[in-house]
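Notes to accompany the following structure.
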Amino acid sequence: MPKKKGKKGKKGKKGKGGEPIITTNRILAERARCMCPRFGDAYYRTEKADNIKSDVANYRIQKVAQKNIDTLDLSGCSFAFLPDELRQLPAVVNNLVDLNLARNQLFNTDAVFMVLKSLKNLKRLSLANNFLNGKLSEDAGYLSNLEELDLDGNQLTALNNSCGNWSGMRVFTANSNMLTAVPVAAEHWTSLEMLSLRDNKIAELPPGSDKWLGMKRLMIGGNKFTALPPAVPLMLELRELDVRKNEIPEIPAALTACVKMETLNFGENKLTSLPEDLIGQFTELRELYLYRNKLESLPGDIGTLGSLEKLSISKNNLKALPENVGELASLQELYVNNNAKFNSLPASVGRLSMLREMSLRGCPKLKSIPNAVSSCELLKELDLRSGAKKDTCKVPQDIVEALEKQRCSVRGAVVKKAKGGKKGKKK
Numbered sequence: 001m002p003k004k005k006g007k008k009g010k011k012g013k014k015g016k017g018g019e020p021i022i023t024t025n026r027i028l029a030e031r032a033r034c035m036c037p038r039f040g041d042a043y044y045r046t047e048k049a050d051n052i053k054s055d056v057a058n059y060r061i062q063k064v065a066q067k068n069i070d071t072l073d074l075s076g077c078s079f080a081f082l083p084d085e086l087r088q089l090p091a092v093v094n095n096l097v098d099l100n101l102a103r104n105q106l107f108n109t110d111a112v113f114m115v116l117k118s119l120k121n122l123k124r125l126s127l128a129n130n131f132l133n134g135k136l137s138e139d140a141g142y143l144s145n146l147e148e149l150d151l152d153g154n155q156l157t158a159l160n161n162s163c164g165n166w167s168g169m170r171v172f173t174a175n176s177n178m179l180t181a182v183p184v185a186a187e188h189w190t191s192l193e194m195l196s197l198r199d200n201k202i203a204e205l206p207p208g209s210d211k212w213l214g215m216k217r218l219m220i221g222g223n224k225f226t227a228l229p230p231a232v233p234l235m236l237e238l239r240e241l242d243v244r245k246n247e248i249p250e251i252p253a254a255l256t257a258c259v260k261m262e263t264l265n266f267g268e269n270k271l272t273s274l275p276e277d278l279i280g281q282f283t284e285l286r287e288l289y290l291y292r293n294k295l296e297s298l299p300g301d302i303g304t305l306g307s308l309e310k311l312s313i314s315k316n317n318l319k320a321l322p323e324n325v326g327e328l329a330s331l332q333e334l335y336v337n338n339n340a341k342f343n344s345l346p347a348s349v350g351r352l353s354m355l356r357e358m359s360l361r362g363c364p365k366l367k368s369i370p371n372a373v374s375s376c377e378l379l380k381e382l383d384l385r386s387g388a389k390k391d392t393c394k395v396p397q398d399i400v401e402a403l404e405k406q407r408c409s410v411r412g413a414v415v416k417k418a419k420g421g422k423k424g425k426k427k
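Under UniProt numbering, residues 1 to 427 are what the sequence shown spells out, in order.
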């Protein structure tokens with residue numbers, strides 16, 4: 001017998017189990033609501049948005065030309081090519097000092113600097129987060145008055161020797177590119193105060209880098225350095241040094257000449273020890289990062305760092321902290337996380353009157369902490385989670401209550417109650 005047809009004379013569809021698939025107007029409407037918009041509509045909206053951005057960019061350029069403004073922000077305008085007005089309008093060419101072209105779609109450096117080389121008075125230029133690739137155009141050297149250049153977040157593989165014309169360069173950043181070297185011509189950057197080349201593939205600084213005597217901030221982390229560049233200890237004005245995530249096995253004693261150092265980051269390297277009378281020389285040091293190394297102990301002179309506010313020694317092979325760590329009068333944050341052998345916290349930590357956060361997470365060998373911790377009146381975060389199936393650090397109940405009374409969050413402590421009571425776990 002033939003199957004019955006629906007009201008409209010059509011047979012119902014069946015699913016895998018043979019049951020008919022029920023489709024109602026409500027289901028169809030919901031399906032339409034959840035589906036992505038048509039590609040044509042999306043393209044139309046994108047094109048319309050780009051036209052609006054282009055109109056805004058043209059307005060800003062004309063405003064610079066009419067009012068003799070020296071600053072122009074064209075960031076996020078979706079430019080694949082720069083407008084010719086930048087080199088055709090005399091007022092723009094003669095007056096522009098600061099130009100922001102970040103977050104566009106620029107990719108050809110020759111095309112970019114063919115337009116920009118007319119801006120002879122340009123001092124600050126940002127080309128961050130575009131698609132610039134390959135070697136930087138030789139025409140970049142025409143911008144001889146440049147003082148600040150931001151090339152972060154592109155795909156540049158090399159700079160060029162014409163960059164030697166940037167004799168007034170003070171701030172140069174090219175983080176997250178594919179650079180393998182800094183050209184020798186960079187020795188002419190004798191006014192350089194900040195150099196940031198994080199996350200590239202650079203193994204050494206150019207020979208002429210010993211002329212960068214005014215350097216204050218040097219960030220070369222995330223590269224391929226196997227030793228600290230010999231020019232660094234000559235930078236006596238250095239305030240911040242970031243060499244994290246390299247393959248440096250030691251901190252040279254000569255670095256102590258940089259007595260103005262405020263931030264020192266040797267995290268994620270191959271340090272196995274810190275010589276005595278080395279770290280203590282940085283009397284103005286505020287932040288010290290030594291995480292992810294192979295340190296088994298800290299030098300005894302670490303207590304002389306009276307200005308130190310943040311200390312990170314996580315992921316090493318430390319068993320204990322030196323007794324004089326309590327002399328760090330300005331210390332606010334202490335991170336000792338993931339030291340699998342760490343088992344002893346000195347009672348002197350109770351003298352850290354400025355301490356706000358102390359993290360000992362991932363230290364399963366630590367069975368207790370000194371009662372003196374409750375003397376840290378500003379402490380707001382104490383993390384004792386062992387990272388194992390069960391937390392192991394026992395803390396007397398009265399100490400936990402004293403810390404909580406000052407609004408300190410205690411995590412991972414096994415509360416040690418008075419005699420006759422049961423132990424509890426502090427989450």
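Just so it is clear, CB atoms sit at the ideal spot from N, CA and C, and this is done for glycine as well.
Quick caveat: nothing in here was measured; it's all calculated off a predicted structure.
Inset, instruction - Check whether the Cβ atoms of N161 and A185 lie closer than 8 angstroms to each other. - result: Along the sequence shown, one-based indexing puts residue 161 at 161. Along the sequence shown, one-based indexing puts residue 185 at 185. In contact: N161 and A185 (Cβ atoms closer than 8 angstroms).
Inset, instruction - Please report the Cβ distance between S196 and A231, rounded to the nearest whole angstrom; I am assuming they are in contact, meaning their Cβ atoms lie under 8 angstroms. - result: Translated into the one-based positions of the sequence shown, residue 196 becomes position 196. Translated into the one-based positions of the sequence shown, residue 231 becomes position 231. About 16 angstroms; that fails the 8 angstroms criterion.
Inset, instruction - Kindly indicate the opening and closing residues of the beta strand (DSSP E) around residue 428. - result: Nothing about residue 428 can be reported from this structure: the residues present for the chain run from 1 to 427 only.
Inset, instruction - Have a look at P207, E187, L311 and L132 and flag the residue whose alpha-carbon is nearest the alpha-carbon of A80. - result: Taking the first residue of the sequence shown as position 1, residue 80 is located at position 80. Per the C-alpha coordinates, the member of P207, E187, L311 and L132 positioned closest to A80 is L132.
Inset, instruction - Specify the secondary structure class of D84 as computed by DSSP and reduced to three states. - result: Here residue 84 is taken as the residue at index 84 of the sequence shown, counted from 1. Coil at D84, not helix or strand.
Inset, instruction - Just mark P275 as buried or exposed, buried being the case when its beta carbon has 16 or more other beta carbons within 10 Å. - result: Taking the sequence shown and counting its residues from 1, one reaches residue 275 at position 275. By the neighbour-count criterion, in which a residue is buried when 16 or more other Cβ atoms sit within 10 angstroms of its Cβ, P275 is exposed.
Legend entry - Separation of P233 from E323, as counted between CA atoms: To locate residue 323, count along the sequence shown from 1; it is residue 323. To locate residue 233, count along the sequence shown from 1; it is residue 233. Taking the straight line joining both Cα atoms gives about 30 angstroms.
Inset, instruction - Taking 8 angstroms as the cut-off, decide whether the C-beta atoms of L192 and M169 are in contact. - result: Position 192 of the sequence shown, counted from the start, is the residue given in the question as residue 192. Position 169 of the sequence shown, counted from the start, is the residue given in the question as residue 169. Against a cut-off of 8 angstroms, the Cβ pair of M169 and L192 comes out as a contact.
Legend entry - Buried versus exposed, by CB contacts within 10 Å (16 or more), L28: Taking the first residue of the sequence shown as position 1, residue 28 is located at position 28. Exposed, because fewer than 16 other Cβ atoms sit within 10 Å of the Cβ of L28.
Inset, instruction - Determine the direct distance from the alpha carbon of A402 to that of R292, and round the result to whole angstroms. - result: Here the question's residue 292 lines up with position 292 in the sequence shown. Here the question's residue 402 lines up with position 402 in the sequence shown. Rounded to whole angstroms, R292 to A402 spans 33 angstroms at the Cα level.
Legend entry - Pairwise C-alpha distance: A140 and residue 450: Nothing about residue 450 can be reported from this structure: the residues present for the chain run from 1 to 427 only.
Legend entry - Assigned secondary structure, G141 (DSSP; H/G/I helix, E/B strand, else coil): For the purposes of this step, residue 141 is taken as residue 141 along the sequence shown, with counting starting at 1. Look at G141 here: in three-state DSSP terms it is helix.
Inset, instruction - Tell me whether T180 sits in a helix, a strand or coil according to DSSP, three-state version. - result: Here residue 180 refers to the residue found at position 180 when the sequence shown is read from its first residue. The answer is coil: DSSP assigns T180 none of H, G, I, E or B.
Inset, instruction - Output yes or no for whether 8 angstroms exceeds the beta carbon distance between L143 and L156. - result: As a first step, residue 143 must be located in the sequence shown, where it is residue number 143. As a first step, residue 156 must be located in the sequence shown, where it is residue number 156. For the 8 angstroms CB-CB criterion, L143 and L156 do not form a contact.
Legend entry - Cβ-based neighbour list, L352, same chain, cut-off 7 angstroms, excluding 5 preceding and 5 following: Position 352 of the sequence shown holds residue 352. Setting aside the 5 residues that flank it on each side, L352 is surrounded in the same chain by G326, L328, L331 and C376, each with a C-beta closer than 7 angstroms to its C-beta; the list follows chain order.
Inset, instruction - Using alpha carbons as the reference points, say which of N94, L159 and T392 lies closest to D110. - result: Within the sequence shown, residue 110 is the residue found at index 110, counting from 1. D110 has its Cα closest to that of L159, out of N94, L159 and T392.
Inset, instruction - Would you kindly work out how many angstroms separate the C-alpha atoms of K365 and N337, rounded to a whole number? - result: Here residue 365 corresponds to residue number 365 of the sequence shown, with the count starting at 1. Here residue 337 corresponds to residue number 337 of the sequence shown, with the count starting at 1. Rounded to the nearest angstrom, the two C-alpha atoms are 12 angstroms apart.
Inset, instruction - Please report the residue range of the alpha helix (DSSP H) in which L122 lies. - result: Taking the sequence shown and counting its residues from 1, the one referred to as residue 122 is at position 122. Careful: L122 lies outside any alpha helix (DSSP H) and carries neither H nor E.
Legend entry - Backbone CA spacing between S386 and T71 [nearest angstrom]: Along the sequence shown, one-based indexing puts residue 386 at 386. Along the sequence shown, one-based indexing puts residue 71 at 71. T71 has its alpha-carbon roughly 54 angstroms from the corresponding atom of S386.
Inset, instruction - My understanding is that T263 touches G280, with C-beta atoms under 8 angstroms, so please give their C-beta distance in whole angstroms. - result: Your numbering for residue 263 matches position 263 in the sequence shown. Your numbering for residue 280 matches position 280 in the sequence shown. About 17 angstroms; that fails the 8 angstroms criterion.
Inset, instruction - Spatial neighbours of Y43 within its chain, please: CB distance less than 6 angstroms, with the 5 preceding and 5 following residues excluded, ordered by chain position. - result: For the purposes of this step, residue 43 is identified with residue 43 of the sequence shown, where counting begins at 1. With a pLDDT of 48 at Y43, under the threshold of 50, the predicted position of this residue should be treated as unreliable, though the coordinate-derived value follows. Around Y43: no qualifying Cβ.
Inset, instruction - Check E381 in the structure and name its three-state DSSP category. - result: Taking the first residue of the sequence shown as position 1, residue 381 is located at position 381. Looking at E381 - three-state DSSP - the assignment turns out to be strand.
Inset, instruction - Can you give me the start and stop residues for the alpha helix (DSSP H) that K405 sits inside? - result: Walking along the sequence shown from the start, residue 405 turns up at place 405. K405 -> alpha helix (DSSP H) spans Q397 to K405.
Inset, instruction - Name the one or two DSSP bridge partners that D150 has. - result: As a working note, residue 150 is residue 150 in the sequence shown. Looking at the DSSP assignment, D150 forms a beta bridge with S126 and T173.
Legend entry - L295, DSSP secondary structure in three states: Mapped onto the sequence shown, residue 295 falls at position 295. Coil, per DSSP.
Inset, instruction - Can you say whether K315 is buried or exposed, counting buried as having 16 or more other CB atoms within 10 angstroms of its CB? - result: Taking the first residue of the sequence shown as position 1, residue 315 is located at position 315. Per the 10 Å Cβ criterion, buried.
Inset, instruction - Only counting runs of 4 or more residues, tell me where the alpha helix (DSSP H) segments fall wholly within the region 197-262, in order along the chain. - result: At a cut-off of 4 residues, not a single continuous stretch assigned as alpha helix (DSSP H) sits fully inside the region 197-262.
Inset, instruction - Take R411 and list the residues in its own chain whose beta-carbon comes closer than 6 angstroms to its own, dropping the five residues that flank it on each side. - result: Translated into the one-based positions of the sequence shown, residue 411 becomes position 411. Cβ within range, chain order: D383 and R385.
Legend entry - Pick from L278, L285 and I69 that is closest to A254, judged by C-alpha positions: In the sequence shown, the residue the question calls residue 254 occupies position 254. The shortest C-alpha to C-alpha distance from A254 to any of L278, L285 and I69 is the one to L278.
Inset, instruction - Sort K117, N94, P90 and L355 by Cα distance to E309 and report the nearest one. - result: For the purposes of this step, residue 309 is identified with residue 309 of the sequence shown, where counting begins at 1. It is L355.
Inset, instruction - Classify L311 as helix, strand or coil using the three-state DSSP reduction. - result: Within the sequence shown, the letter at position 311 stands for residue 311. In this structure, L311 counts as strand in the three-state DSSP scheme.
Inset, instruction - Locate the alpha helix (DSSP H) running through A158, then write down its first and last residues. - result: Locating residue 158 in the sequence shown gives position 158, counting from the first residue. For A158, no alpha helix (DSSP H) encloses it; the enclosing beta strand (DSSP E) starts and ends at Q155 to A158.
Legend entry - V395 versus L298 - alpha carbon distance: Sequence index remark: in the sequence shown, residue 395 carries index 395 (1-based). Sequence index remark: in the sequence shown, residue 298 carries index 298 (1-based). A direct Cα-to-Cα measurement between V395 and L298 gives close to 26 angstroms.
Inset, instruction - Could you pull out every residue in the same chain whose Cβ sits closer than 8 angstroms to the Cβ of A91, ignoring the five residues on either side in sequence? - result: Taking the first residue of the sequence shown as position 1, residue 91 is located at position 91. So the qualifying residues of the chain are V64, A65, Q66 and N68.
Inset, instruction - Consult DSSP for N324 and reduce its assignment to one of helix, strand or coil. - result: In the sequence shown, the residue the question calls residue 324 occupies position 324. Helix at N324.
Legend entry - For R286, the three-state DSSP class (helix, strand or coil): Mapped onto the sequence shown, residue 286 falls at position 286. Three-state DSSP puts R286 in coil, outside helix and strand.
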